[in-house]
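Everything below concerns the one structure shown next.
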Amino acid sequence: MIDTLSASGWLFLVVAFGAIVPIVPTGAAVSATAAYAFHQHVYAVVPVILAGAAGAYVGDLVMYAMCRFGGEQMARRLRWMRDEHRLAAVTERLRGREVSVLLVSRLIPGGRVPVLLAAAFAGLPWRTFVVANLPACALWSAVYAMIGLLGGSLFPEPWQGVLAAVVLILLVNQCLSWFSKRRNASTSDASG
1 MIDTLSASGW LFLVVAFGAI VPIVPTGAAV SATAAYAFHQ HVYAVVPVIL
51 AGAAGAYVGD LVMYAMCRFG GEQMARRLRW MRDEHRLAAV TERLRGREVS
101 VLLVSRLIPG GRVPVLLAAA FAGLPWRTFV VANLPACALW SAVYAMIGLL
151 GGSLFPEPWQ GVLAAVVLIL LVNQCLSWFS KRRNASTSDA SG
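In UniProt numbering, the protein residues as written are 1 to 192.
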């Protein structure tokens, strides 16, 4: 159990860092840690879920602060923010449905940062963001931990479950990115 607590501490740091620097595969980190924890004791997955959710939450708070205080100048450097129609669409979805939009954005690879930027530009109050983002981070951590549990339960050795969880997460992320690019390309072709 001590190993799992130590791994959960490291997981918190990795996920918090990955939420700020979005090139770190945080979902794979949660899944791999959950697969490892499963082989220690099935209840050892609970600290993994909590550490993943807490790391995501803290990282999101820092990222949202950067979006709010970094200003429009910082965001306009991003390719995504140059598309006024896309920004307006996300902003419109955010109004009145903060929790559901944040939930979905957390689960879709590459969806979190654009939604955080849109929320910052739409002027989503801090209090609303703090409350709405909590279930999004908890659900995200639980989903990725369940994927890790699946990998951990299918294989007899912890390293095999960890490897299976990481490969599964990377494959799912690649497939979702591919489908998103295809959808955006077909939407661009239809409007142009």
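Just so it is clear, CB atoms sit at the ideal spot from N, CA and C, and this is done for glycine as well.
CA nearest to the CA of residue i, picked from the options
i, options, result
"GLY148", "ALA16, PHE12, VAL30", "VAL30"
"ALA11", "ALA56, GLY110, GLU92, VAL42", "Correcting the residue identity first, residue 11 is Leu in this sequence and not Ala. When each option's Cα is compared against that of LEU11, the closest is ALA56."
"ALA51", "HIS85, GLY110, ALA138", "ALA138"
"GLY9", "ALA53, ARG97, CYS67, LEU168", "ALA53"
"MET66", "ARG97, PHE38, TYR144, PHE121", "PHE121"
"PHE69", "PHE38, VAL48, THR128, LEU116", "LEU116"
"GLU157", "VAL48, GLN40, SER141, VAL15", "GLN40"
"SER141", "TYR64, PHE17, GLU92, VAL46", "VAL46"
"MET146", "ARG182, LEU168, PRO114", "LEU168"
"ARG127", "TYR43, TYR64, ALA37", "TYR64"
"GLY123", "GLU92, CYS175, TYR43, ALA44", "GLU92"
"ALA136", "HIS85, LEU171, PRO125, SER100", "SER100"
8 angstroms Cβ cutoff met for residue i and residue j
i, j, result
"ASN133", "LEU102", "yes"
"VAL104", "GLY110", "no"
"PRO26", "ALA7", "Rather than Pro, the amino acid found at residue 26 in this sequence is Thr. No, Cβ-Cβ distance for THR26 and ALA7 is not below 8 angstroms."
"VAL62", "ILE20", "yes"
"VAL130", "GLY59", "no"
Boundaries of the alpha helix (DSSP H) in which residue i is found, first to last residue
i, result
"ALA34", "26 to 40"
"ALA145", "126 to 154"
"VAL21", "Note, VAL21: premise wrong, no alpha helix (DSSP H); not H, not E."
"PRO109", "Neither: PRO109 is in no alpha helix (DSSP H) and is coded neither H nor E."
Own chain, CB closer than 6 angstroms to residue i, minus 5 neighbours either side, in chain order
i, result
"ASP3", "none"
"GLY18", "VAL24, THR26"
Cβ shell of residue i (< 8 angstroms), same chain only, five flanking positions each side left out
i, result
"LEU13", "GLY55"
"ARG97", "none"
Same chain, Cβ closer than 7 angstroms to residue i, neighbours up to 5 away in sequence not counted
i, result
"SER153", "PHE38"
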